[in-house]
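The structure under discussion appears below in the form of structure tokens.
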Amino acid sequence: MKYIKTKEDSTSCILIAGNTNCLETETLNHIADYYRVVIISDDSDNVAPIKLSAKYSKRIKTYKEDLSSDNCKKIFHAFSPDTVWYFSGYTDGCDGLRDENKKLSALIHNCSAIGVQKLIFISSVSSLNYYYKDTVNGKVKIYLSETGFECSQLENLCRYSSTKNYLKYIILRAPYLYSKYNNTKNYLGSLFSRMEEIEPIVFPYDASGKVDFLSVRDLTELLMFITEETLDDAGTYTLTSDSGLTYQSFAELLKKCEPSTQASFSEGKPCVLELDEKNENRNIRKEYGFIPLDNIVENLNDFYKIYIQGLNKEVNILENLLERMPKLPHIALAVTETLVLFVIIQLLLPYTSDNTLFKYVDLRLFFVVILGVTYGMIPGMLAGLLMCFSLIYSYSQIGITIKMLFYNMDYWLPFAIYLMTGAITGYLVSTKDQKLKFAEDEAISLHNKYSFLNDVYMSVINNKEEYKRQILGYQDSFGKIFEAVHSLDSSVPEKIFMNSIETLENILDNHTIAIYTLDKFQRYGRLVACSRELLTDQPKSLNIEQISDVYEVIKNRETWKNIDFKEELPAYAYGILDEGKVRIMICIYKASQMQMSLYYMNLFTIICHLIRFAFIRALRYQTLMEENKYFENTGILKPEFFISELKAQRNMADKGIANHVLLKLHSFNIVETDKKLGHLIRHTDSLGIGEDGKYYLLMRQINPNVFKIIDQRLRENGIEFTVVEGV
Numbered sequence: 001m002k003y004i005k006t007k008e009d010s011t012s013c014i015l016i017a018g019n020t021n022c023l024e025t026e027t028l029n030h031i032a033d034y035y036r037v038v039i040i041s042d043d044s045d046n047v048a049p050i051k052l053s054a055k056y057s058k059r060i061k062t063y064k065e066d067l068s069s070d071n072c073k074k075i076f077h078a079f080s081p082d083t084v085w086y087f088s089g090y091t092d093g094c095d096g097l098r099d100e101n102k103k104l105s106a107l108i109h110n111c112s113a114i115g116v117q118k119l120i121f122i123s124s125v126s127s128l129n130y131y132y133k134d135t136v137n138g139k140v141k142i143y144l145s146e147t148g149f150e151c152s153q154l155e156n157l158c159r160y161s162s163t164k165n166y167l168k169y170i171i172l173r174a175p176y177l178y179s180k181y182n183n184t185k186n187y188l189g190s191l192f193s194r195m196e197e198i199e200p201i202v203f204p205y206d207a208s209g210k211v212d213f214l215s216v217r218d219l220t221e222l223l224m225f226i227t228e229e230t231l232d233d234a235g236t237y238t239l240t241s242d243s244g245l246t247y248q249s250f251a252e253l254l255k256k257c258e259p260s261t262q263a264s265f266s267e268g269k270p271c272v273l274e275l276d277e278k279n280e281n282r283n284i285r286k287e288y289g290f291i292p293l294d295n296i297v298e299n300l301n302d303f304y305k306i307y308i309q310g311l312n313k314e315v316n317i318l319e320n321l322l323e324r325m326p327k328l329p330h331i332a333l334a335v336t337e338t339l340v341l342f343v344i345i346q347l348l349l350p351y352t353s354d355n356t357l358f359k360y361v362d363l364r365l366f367f368v369v370i371l372g373v374t375y376g377m378i379p380g381m382l383a384g385l386l387m388c389f390s391l392i393y394s395y396s397q398i399g400i401t402i403k404m405l406f407y408n409m410d411y412w413l414p415f416a417i418y419l420m421t422g423a424i425t426g427y428l429v430s431t432k433d434q435k436l437k438f439a440e441d442e443a444i445s446l447h448n449k450y451s452f453l454n455d456v457y458m459s460v461i462n463n464k465e466e467y468k469r470q471i472l473g474y475q476d477s478f479g480k481i482f483e484a485v486h487s488l489d490s491s492v493p494e495k496i497f498m499n500s501i502e503t504l505e506n507i508l509d510n511h512t513i514a515i516y517t518l519d520k521f522q523r524y525g526r527l528v529a530c531s532r533e534l535l536t537d538q539p540k541s542l543n544i545e546q547i548s549d550v551y552e553v554i555k556n557r558e559t560w561k562n563i564d565f566k567e568e569l570p571a572y573a574y575g576i577l578d579e580g581k582v583r584i585m586i587c588i589y590k591a592s593q594m595q596m597s598l599y600y601m602n603l604f605t606i607i608c609h610l611i612r613f614a615f616i617r618a619l620r621y622q623t624l625m626e627e628n629k630y631f632e633n634t635g636i637l638k639p640e641f642f643i644s645e646l647k648a649q650r651n652m653a654d655k656g657i658a659n660h661v662l663l664k665l666h667s668f669n670i671v672e673t674d675k676k677l678g679h680l681i682r683h684t685d686s687l688g689i690g691e692d693g694k695y696y697l698l699m700r701q702i703n704p705n706v707f708k709i710i711d712q713r714l715r716e717n718g719i720e721f722t723v724v725e726g727v
């Protein structure tokens, strides 16, 4: 490796998790020359964890834990790693780990909690195995395998969660990996296994598809360079070795290693990678100076020979037996060991009682001491009691009865020694365990205090960033307010509603805003405009009784804030009153955690005040124009007013914040029709004369499902019409 060691006694710590089988012992020991290394592997995963029996450097600690467990959190807080390397379950052609999304989310949360400087996520190039297909809705990604799609989603989760938790991340898409020593758990080793057993190899893609390999040594070198770099930004890189191999040429190389190799391909299924190799190589070289040195073409035959030699080594039966031995619960193990040792002692006693070599050795006392030192006071006293029964049995074999033992005090001494030995040795061990338990409890208490202080510190940092954003935004706040006032300067309520949505979305950085008008009886609210995201699902009508908590607050000219987080109620609401009644209700339905602040609530209130002034001014204007707006003794708008409202409604529909339906009426007696429509339409709908002199009905916030009901209602009352717009 060309990595240059700069710190002889470096205290930096690297935590390695995920598919830890990708790294071998030799590589890990090399990493330990520069860093302290913590490895977390999981027995429950489909990939084999690193063997804990391997001869590691003393600077390497290994744990078998689930990444989402509480013990894993303790490991993070105990070692406080500077950098985390996570090998995804799809690295080196694997099929992923069980519940990997959950594990990755927990890992990122732990990294954020202790302030990890960088997360390096090693993914697979299979996430690029897709092509674009033209559809009605535009180009769509079509993945050639389920594994590629899942790997891509895991990368997206890493980006989203890391950004959300303010964690710097580097994603490396790696091809197949290989090393000097391959086994059946990596891709190349699995191919060697099939070659050795003379089984056919079936490649998943067409013979012309590209296949690439990267050595573990090159990958480790890059990871160490990325770990040391502090001025880089979050990013995604794809690693290639420029080997130029296809599945056909790779199969020919395997046949040179083993002439009996049989290889076949999935015809008609090319390996398509959305990848610009030259650009990717230039980016990774420019950022980290990475140039792969190893070439699989030159070393493949040697790797196969090493693999065959490894199969001929003798298997350590005892080591495998210990690894496969199930872990018994502590109590069951203690009882089992006690009974086994008791039986052994009882079997040895007849053969040692007459032997001069054991004249000064008491096996019973040995048994009591061993149990007391190992398990503590209670097991020690029980061991002493067992040896008392054993001694009574031995005495009975030579003719000494229980009555003789009870009345002759000379026989009491061995019994007292066994019981006292068990109690004293057990007491010493129990005392030590209690002190250790107390120290652990104290450590947990200190850890909780540290976590609390860390949370307070992070909260201060977040508040600092929020204040900084507010200060920076203050410089152009006057311009924003002027722009808002200018956009709300209109005498047409529809234009005010449309511009209000845009103003609120731009200044509040929120896209879940809705505006309702309330009827004069304060029973129902009608939707007049809303954000594009709410247009489809937002109810067109609200029953005021169902939102009475909100209504009681806004009718007192106060701003509603959903501090109880009731899902059916908006996060914020503000009411515009006229003559003591709520005419307009402005709602924000969803707010992020950062938006549930006093600053945000005050900003929302200020903008609503501006909207209130504009709306009241427009309402006063409309009241003054009421006599000229309608034909005498009717509710029919004159052409200039109706056309103005229609244009405003069309603009709202074009911006995606409202929808409407325009009906052309087939009526010769419009006065009679106006009377019929009085109880069939809402107060927000308008009847007027269009540019062509015909009568039209403009119905606001109507979708196709609601229009079916209105269509039936109008025709049942003898009103004929033609749909012009909206459905």
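Residues 1 to 727 in my numbering are what the sequence shown lists, from first letter to last.
In this text, a Cβ means the ideal position worked out from N, Cα and C, and glycines have one as well.
Here the structure is a predicted model, which is why all the values come from computation and not from measurement.
Can residue i and residue j be called in contact, C-beta distance under 7 angstroms?
i, j, result
"C13", "D82", "yes"
"I515", "I588", "no"
"T517", "R526", "yes"
"T730", "T220", "Missing from the structure shown is residue 730; the chain here goes from 1 to 727 and no further."
"I170", "I226", "yes"
"K540", "Q649", "no"
"I657", "A571", "no"
"V38", "L67", "no"
"Y247", "G209", "yes"
"P379", "L386", "no"
What separation, rounded to the nearest whole angstrom, lies between the Cα atoms of residue i and residue j?
i, j, result
"N46", "S264", "With a pLDDT of 40 at N46, under the threshold of 50, the modelled position of that residue is not reliable, and no figure is offered here."
"E100", "E146", "15 angstroms"
"L349", "L363", "7 angstroms"
"R583", "E716", "32 angstroms"
"D212", "G148", "16 angstroms"
"Y34", "F79", "16 angstroms"
"K255", "K61", "41 angstroms"
"S390", "Q346", "8 angstroms"
"T722", "L662", "9 angstroms"
"E567", "D509", "21 angstroms"
"I198", "Q434", "60 angstroms"
"N462", "S430", "47 angstroms"
"D578", "F613", "11 angstroms"
"Y205", "A443", "55 angstroms"
Would you mind reading off the limits of the beta strand (DSSP E) that contains residue i?
i, result
"M404", "No beta strand (DSSP E) holds M404; the alpha helix (DSSP H) holding it covers I402 to Y407."
"H660", "H660 to L665"
"K61", "I60 to K64"
"D578", "Y572 to D578"
"E725", "F721 to E725"
"C530", "Y524 to C530"
"F389", "Note, F389: premise wrong, no beta strand (DSSP E); alpha helix (DSSP H) at M377 to Q397."
"F265", "A263 to F265"
"L518", "I513 to L518"
"A174", "Y169 to A174"
"D134", "Y130 to T135"
"I750", "As shown, the chain starts at 1 and ends at 727. That puts residue 750 outside it, with no answer to give."
Along the chain, where does the alpha helix (DSSP H) that runs through residue i open and close?
i, result
"E691", "It is not in any alpha helix (DSSP H) - E691 carries neither H nor E in the DSSP assignment."
"T220", "V216 to E228"
"C111", "E100 to I114"
"S548", "S548 to I554"
"L542", "Element bounds for L542: not the alpha helix (DSSP H) but the beta strand (DSSP E), S541 to N543."
For residue i, I'd like the list of residues in its chain whose CB is within less than 8 angstroms of its CB, leaving aside the five on either flank, ordered along the chain.
i, result
"K629", "Q622, L637, K638 and F641"
"K73", "N110 and A113"
For the putative contact between residue i and residue j, defined by C-beta atoms under 8 angstroms, what is the C-beta separation to the nearest angstrom?
i, j, result
"I507", "F615", "Contact flag wrong, Cβ pair sits at about 17 angstroms."
"D92", "S215", "Actually they do not touch by this definition, with Cβ atoms about 12 angstroms apart."
"G426", "M458", "Going by Cβ atoms, the distance from G426 to M458 rounds to 47 angstroms, so no, they are not a contact pair."
Given residue i, which residues of its chain have a CB within under 7 angstroms of its CB, disregarding the five upstream and five downstream residues?
i, result
"F87", "G18, N19, T20, C22 and I122"
"K327", "In this prediction, K327 scores a pLDDT of 45, lower than 50, which makes its location untrustworthy; no coordinate-derived value is stated."
"D711", "none"
"N283", "Y237"
"T261", "M195, I201, L254 and K255"
"N301", "K256 and C257"
"P414", "L391"
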